[in-house]
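Have a look at the structure below before the remarks.
4 protein chains.
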Amino acid sequence: MKGLKIKLADDMLVLRQANQPATVINVKGCPIGGDSIVVVAGPCAIENEEILKETAFKVRGSGAVMLRGGAYKPRTSPYSFQGLGEEGLRILARIGEEMNMPVVTEVMDTADIELVSQYADILQVGARNMQNFSLLKKLGQINKPIILKRGLAATIEEWLWAAEYILAGGNSQVILCERGIRTSEPWTRNTLDLSAVALVKELTHLPVLVDPSHATGIRSLVTPMARAAIAAGADGIMVEVHPHPERALSDGDQSLTPKGFSQLMKEIEPIARAVGRRVY
Amino acid sequence: MKGLKIKLADDMLVLRQANQPATVINVKGCPIGGDSIVVVAGPCAIENEEILKETAFKVRGSGAVMLRGGAYKPRTSPYSFQGLGEEGLRILARIGEEMNMPVVTEVMDTADIELVSQYADILQVGARNMQNFSLLKKLGQINKPIILKRGLAATIEEWLWAAEYILAGGNSQVILCERGIRTSEPWTRNTLDLSAVALVKELTHLPVLVDPSHATGIRSLVTPMARAAIAAGADGIMVEVHPHPERALSDGDQSLTPKGFSQLMKEIEPIARAVGRRVY
Amino acid sequence: MKGLKIKLADDMLVLRQANQPATVINVKGCPIGGDSIVVVAGPCAIENEEILKETAFKVRGSGAVMLRGGAYKPRTSPYSFQGLGEEGLRILARIGEEMNMPVVTEVMDTADIELVSQYADILQVGARNMQNFSLLKKLGQINKPIILKRGLAATIEEWLWAAEYILAGGNSQVILCERGIRTSEPWTRNTLDLSAVALVKELTHLPVLVDPSHATGIRSLVTPMARAAIAAGADGIMVEVHPHPERALSDGDQSLTPKGFSQLMKEIEPIARAVGRRVY
Amino acid sequence: MKGLKIKLADDMLVLRQANQPATVINVKGCPIGGDSIVVVAGPCAIENEEILKETAFKVRGSGAVMLRGGAYKPRTSPYSFQGLGEEGLRILARIGEEMNMPVVTEVMDTADIELVSQYADILQVGARNMQNFSLLKKLGQINKPIILKRGLAATIEEWLWAAEYILAGGNSQVILCERGIRTSEPWTRNTLDLSAVALVKELTHLPVLVDPSHATGIRSLVTPMARAAIAAGADGIMVEVHPHPERALSDGDQSLTPKGFSQLMKEIEPIARAVGRRVY
């Protein structure tokens, strides 16, 4: 990065060396980081089999290739719904298989890594755990792709070092995910930092996704930000979809309906083409 | 805005009422806020006639329709180059006329409004003056379009109220411009807030531009962020271009070369089409 | 500053050179920056002569040595009370003389400097105008002390450079005032940055005040933060006091009653002694 | 909190109910949260027995009542010193016993809770783990006092909810610790938020400490901020002390020397008295 006052160790595994190709991570036949834009969709939390199945069926029909859903939910209050735990994992794996969609879910505790790995195709580290170094170290020792969300107030530098923890442990399948940072703007839940996406794509060889749902917290902004993310160079998006957002156990305000998601897919397709890519 | 906890007075002039069309501001035949994406380009500061002329000639050749350049420069240090003042305004107006490009320049002092108005087609309020209410009030009384940049730490709410100051004074020609907010991310100069662009486009009837140069402070990020801005729904972009950025008296690190600007124009065109618009 | 990565020009007027004594600014016999802690109190806005007189009488009785009150008010909305203007200045000057208290008031426009100077003993630059460089330059040319509030998102570096604008113009009577910065914490109006106070006291020779009222926006926090400010090394405090906060035209939530102010004065006195100073 | 727009569940365990006394947590005879100001001191990381012993001996001599030191260190880079692990815990416990000082150390992983509990008198949750809900839940089930540091960008509300996780699990011995939040000010490592301390003291019954070392990252600011913390109402401070800061394996820039710490103790004593308290 000529002209940038960026200080990272030159030999970090996370950095893109001269002539190094971009890393493409293959998840059950779906490459992440290649020419195609990957779309991961699903509800915030797995609530029951019916809702997840309905959501999966509809998002797959609109073009999503992977299914997301939380079994362990990081909630501000201990009295909020905390997720279905292992029962949720089972539901997720079953629906994923039935729909032929790889599944993504969050792991929050080093003690759960083995269990979550049995069910999930990709393990996600949430924003609040981006610097849970014990978790990162243990995820460096497994053979599963990891989605590493950027912390709520993490600098790009800290984000790359967090990825380095996983890579240094021997797991090279890291996918970065920008999901908004905390700023002094109160109307949006967070501020989606798309310059970080473009900068990280320059600096690293890793794929980068964007989560416009958590970033904005406002349903009507999800599609414009999905378009912008792909225009900025993201390799894919993660979107919350719920068949009945008004009844969702968490994050209803920002969830798209299946119909809204279908519209999103229509709108990102021409953007993907405009940057020389395509949506699966 | 159903579902949003946004508190603004319902009858604010800045808000888009039901069925109200978007405001299109016509500047010497260039509409801002209509179907076409407007591109404003030029150096950060007007340094001399030759450089401005060379820049204008080249950016016009690549498709810019308006010329920008600062005669009064807000600089952190009193010992930095403060701009050419009225001599700069004269140069700007002359080149604008020669090239047939409307010109944009910043006004920093209520005492300069009359003078700047004689030379400029659009007056710009810089980020540091977004809540200079004396300036806003007096700009409400003139008959020139105003570009109102978002303050460095201004909330969207404060930005809209700042626009309201100008509208309330009787001047309805306000163009909003997002240029990044100050956050805890140190690698980029500011954090470009494109969710604010999408949200402000929903809430108001005013045109919204994006300045990816000041927002990022890094040359290589200007084009990706210009693409993202248009994908998010911006009505145009303002870009710093300098024939010799390494010799620029201010903001050289973020200025595109004319060649880089030409590449930017090539890349935003398909994005504009993907959102149903075109670049002039 | 050994060990600090602080980059300022070594010969800046604002910096404290080796063996340079602290600057003490004498305002009608009240020294600011010396051994005594100065307390400036009064209502946010001057509403009428009765209220100001009642406030002045009471705060003087409790130990305030200077009177503050706004005649020109920077308000987010153009439809909010904007201050009484020159009529307010006249009231302020009259009460100040009657009570034998120097008076402080804000100036927002270069066009008003001369007028405000006729009435005020100290001119204040508000947070929103900290980088209104036109205003700073003109205040560098007058012979009145200036209170320079830190901008809402201004770095310490920018604050010192803003002071340098005034000093470079020839006016050496600058008093810095920390009043909270904008952060991601939503419960307090701003985040009072007392480390900035301690750091600025090390770096410069200028007096530094703290405004705990605007910083917190919460009445019950004003006194604890006044105590903390003095413990941190501040040379004084500015506090909002209103005889009937619930009826105040602005900032009622954070205004102390005269009784609350009297309690504040009782509590800061032992703190001042604990750091080897005294309250006037 | 009359007049505050604070939304918390009224029956949260963390909140102070009418007439509820402040919680005093007794650690081997040292009460935290009572009339006395508690001072916890020690090196950032436990490096070896000699250094820890020298530090403990000196800080105890100056008046510290508890000893801190990290055996598991959360470091941005995986290649930085990560702490001595169990060997560090053993050293810490041995020195604590020898010096008759209760010891505080950080736990980062649910898998380490049992082990750390065998050696430490107080377990600390670091800022990066404030919303590691798995960790919080398991700490709710042990019978040891917990110091809960505020997250780098955590709101006060989230901090209180994080404490609620521990309380809801059945462990009522929670001590809050403010250690600075991330803001746009780059000169200090973080911005110490003392208004949060005063506000949290109003809202809750829990003791609140302040860590001026991590908050500022600058040695010369530690003592002024320790004074300010106590003036603001904190129940104690945690300070980094190292006999040879220039050779420390982590955080040398912000560590006090034993001599500097002795000076700090001299300066906080009169402040404690000024607020009606005393230092042990």
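Residue numbers (this note's numbering), protein chains in the order written: chain A, 6 to 285; chain B, 6 to 285; chain C, 6 to 285; chain D, 6 to 285.
Every residue, glycine too, gets a C-beta built ideally from N, C-alpha and C.
Would V73 of chain B pass as an interface residue toward chain A - the criterion being a Cβ-Cβ separation below 8 Å? Walking along the second sequence from the start, residue 73 of chain B turns up at place 68. Inspection of the sequence shows that residue 73 of chain B is occupied by Arg rather than by Val. With respect to chain A, the C-beta atom of R73 of chain B has no partner C-beta closer than 8 Å.
Closer than 9 Å, Cβ to any Cβ of chain D: which residues of the region 82–99 of chain A, in chain order? Cβ contacts with chain D: S82, P83, Y84, Q87.
Could you tell me whether the Cβ atoms of V44 of chain C and V70 of chain C are closer together than 8 Å? On the third sequence, residue 44 of chain C is found 39 positions in, with the first residue counted as 1. On the third sequence, residue 70 of chain C is found 65 positions in, with the first residue counted as 1. V44 of chain C is a Cβ neighbour of V70 of chain C, given a cutoff of 8 Å.
For N53 of chain B and chain C, any beta-carbon pair shorter than 8 Å? Within the second sequence, numbered from 1, the residue matching residue 53 of chain B stands at position 48. Under the Cβ distance rule, N53 of chain B does not count among the residues neighbouring chain C, no pair being separated by less than 8 Å.
Continuous alpha helix (DSSP H) stretch holding R73 of chain D: start and end: Position 68 of the fourth sequence, counted from the first residue, corresponds to residue 73 of chain D. Careful: R73 of chain D lies outside any alpha helix (DSSP H), inside the beta strand (DSSP E) at 71–73.
Under 8 Å from the C-beta of Q123 of chain D: neighbouring residues of chain A: For the purposes of this step, residue 123 of chain D is taken as residue 118 along the fourth sequence, with counting starting at 1. Simply none; closest approach about 18 Å.
Which residues share a DSSP beta bridge with A50 of chain D? In the fourth sequence, counting from the first residue as 1, residue 50 of chain D sits at position 45. Looking at the DSSP output, A50 of chain D shares a beta bridge with D:G75.
Apart from the five residues on each side of it in sequence, which residues of its chain come closer than 6 Å, Cβ to Cβ, to M104 of chain B? Working through the second sequence from its first residue, we reach residue 104 of chain B at position 99. So the list reads A61, R65, once near-sequence residues are dropped.
Residues of its chain near N24 of chain D, where Cβ-Cβ distance is below 6 Å and the 5 sequence neighbours each way are ignored: Position 19 of the fourth sequence, counting from 1, holds the residue named residue 24 of chain D. Cβ within range, chain order: n/a, list empty.
Are G185 of chain B and A220 of chain B closer than 8 Å when you measure CB to CB? Against the second sequence, residue 185 of chain B aligns to sequence position 180. Against the second sequence, residue 220 of chain B aligns to sequence position 215. Taking 8 Å as the cut-off, the Cβ atoms of G185 of chain B and A220 of chain B count as close.
Taking just the CA atoms, how far does K142 of chain B sit from R252 of chain C? Residue mapping note: residue 252 of chain C aligns to position 247 of the third sequence, counting from 1. Residue mapping note: residue 142 of chain B aligns to position 137 of the second sequence, counting from 1. Whole-angstrom Cα-Cα distance: 27 Å.
Have a look at the DSSP bridge pairing and note the partners of K154 of chain B. Along the second sequence, read from residue 1 onward, the residue named residue 154 of chain B stands at position 149. Paired residue(s): B:C182.
Amino acids of chain C, ordered along the chain, whose beta-carbon sits closer than 8 Å to that of E119 of chain B: On the second sequence, residue 119 of chain B is found 114 positions in, with the first residue counted as 1. Correct list: empty, because the minimum Cβ distance to chain C is about 12 Å.
Considering Cα atoms alone, identify which of B:Y285, B:K264, B:G265 is closest to E274 of chain B. Taking the first residue of the second sequence as position 1, residue 274 of chain B is located at position 269. Closest in C-alpha terms to E274 of chain B, from the list B:Y285, B:K264, B:G265, comes B:Y285.
Kindly indicate which three-state DSSP category L261 of chain D falls into: helix, strand or coil? As a working mapping, residue 261 of chain D is identified with position 256 in the fourth sequence. Three-state result, L261 of chain D: strand.
From the beta carbon of G238 of chain B, is the nearest beta carbon of chain A less than 8 Å away? As a working mapping, residue 238 of chain B is identified with position 233 in the second sequence. Closer than 8 Å: yes.
Cβ separation of I276 of chain C and A236 of chain D, assumed to be a contact under 8 Å, to the nearest whole Å: Taking the first residue of the third sequence as position 1, residue 276 of chain C is located at position 271. Taking the first residue of the fourth sequence as position 1, residue 236 of chain D is located at position 231. About 6 Å separates the CB atoms of I276 of chain C and A236 of chain D; that is less than 8 Å, so the two are in contact.
By how many angstroms is the C-alpha of R99 of chain B removed from the C-alpha of V109 of chain B? As a working note, residue 109 of chain B is residue 104 in the second sequence. As a working note, residue 99 of chain B is residue 94 in the second sequence. Answer to the nearest angstrom: the Cα atoms are 13 Å apart.
With the cut-off set at 8 Å, would you say A76 of chain C and L57 of chain C are in Cβ contact? Along the third sequence, one-based indexing puts residue 76 of chain C at 71. Along the third sequence, one-based indexing puts residue 57 of chain C at 52. For the 8 Å CB-CB criterion, A76 of chain C and L57 of chain C do not form a contact.
Whole angstroms is fine: what's the gap from Q136 of chain D's alpha carbon to E111 of chain A's? On the fourth sequence, position 131 is the one that residue 136 of chain D refers to. On the first sequence, position 106 is the one that residue 111 of chain A refers to. Straight-line Cα distance between these residues: approximately 14 Å.
Look up S41 of chain A in the DSSP assignment and give the residues it is bridged to. Taking the first residue of the first sequence as 1, we reach residue 41 of chain A at position 36. Paired residues: A:R283.
Would you identify the three-state DSSP class for M113 of chain D, choosing helix, strand or coil? In the fourth sequence, counting from the first residue as 1, residue 113 of chain D sits at position 108. Annotated three-state conformation of M113 of chain D is coil, per DSSP.
Cβ contact check for the region 248–265 of chain D and the region 202–212 of chain D: 3 or more pairs under 8 Å: Result no; under three Cβ-Cβ pairs closer than 8 Å.
Spatially closest choice to W192 of chain C from D:V121, D:R194, D:L199, D:P107, by CA coordinates: The residue labelled residue 192 of chain C in the question sits at position 187 within the third sequence. Of the listed residues, the one whose Cα sits closest to W192 of chain C is D:L199.
Note down, in chain order, every chain C residue with its Cβ under 7 Å from the Cβ of S189 of chain A. What you label residue 189 of chain A is simply residue 184 of the first sequence in a count that begins at 1. Per Cβ cutoff of 7 Å: R187, T188, S189.
Would you call G101 of chain A buried or exposed, if buried means 16 or more other Cβ atoms sit within 10 Å of its Cβ? Within the first sequence, the letter at position 96 stands for residue 101 of chain A. So G101 of chain A counts as buried.
Residue closest to P26 of chain A, alpha-carbon to alpha-carbon, out of A:C35, A:E245, A:D40: Along the first sequence, one-based indexing puts residue 26 of chain A at 21. Cα-wise, what sits closest to P26 of chain A is A:D40.
Residue of A:Q178, A:A116, A:G74, A:I127 minimising C-alpha distance to G145 of chain A: As a working mapping, residue 145 of chain A is identified with position 140 in the first sequence. Minimum Cα distance to G145 of chain A is reached at A:Q178.
Closer than 8 Å by C-beta to F266 of chain B: which residues in its own chain qualify, once you throw out the five before and the five after it? Chain order, please. Here residue 266 of chain B refers to the residue found at position 261 when the second sequence is read from its first residue. Result list for F266 of chain B: A46, K63, V64, S67, A69, V244, V246, in chain order.
Buried or exposed: which applies to F138 of chain C, given that a residue is buried once 16 or more other Cβ atoms fall within 10 Å of its Cβ? Translated into positions along the third sequence, residue 138 of chain C becomes position 133. Looking at its Cβ environment, which holds 16 or more other Cβ atoms inside 10 Å, F138 of chain C is buried.
Three-way DSSP call (helix, strand, coil) for S213 of chain B in this model: By 1-based counting over the second sequence, the position of residue 213 of chain B is 208. Sequence check: residue 213 of chain B is Val here, not Ser. Reduced to three states, the DSSP call for V213 of chain B is strand.
Range of the contiguous alpha helix (DSSP H) that encloses V121 of chain B: On the second sequence, residue 121 of chain B is found 116 positions in, with the first residue counted as 1. Note, V121 of chain B: alpha helix (DSSP H), 118–124.
Span of the beta strand (DSSP E) holding I30 of chain C? Indexing the third sequence from 1 puts residue 30 of chain C at position 25. Element bounds for I30 of chain C: 30–32.
Taking P229 of chain D as the query, report the chain C residues whose CB atoms sit under 7 Å from its CB, ordered along the chain. What you label residue 229 of chain D is simply residue 224 of the fourth sequence in a count that begins at 1. Proximity of chain C to P229 of chain D at the Cβ level (cut-off 7 Å) is accounted for by A203, A237, G238, in chain order.
Quick one: is E183 of chain C buried, meaning 16 or more other Cβ sit within 10 Å of its Cβ, or exposed? Against the third sequence, residue 183 of chain C aligns to sequence position 178. With 16 or more Cβ atoms within 10 Å of its Cβ, E183 of chain C is classed as buried.
For I42 of chain B, go through chain A and note every residue whose CB falls closer than 9 Å to its CB, in chain order. Translated into the one-based positions of the second sequence, residue 42 of chain B becomes position 37. What I42 of chain B touches in chain A: nothing, since even the nearest Cβ is about 13 Å away.
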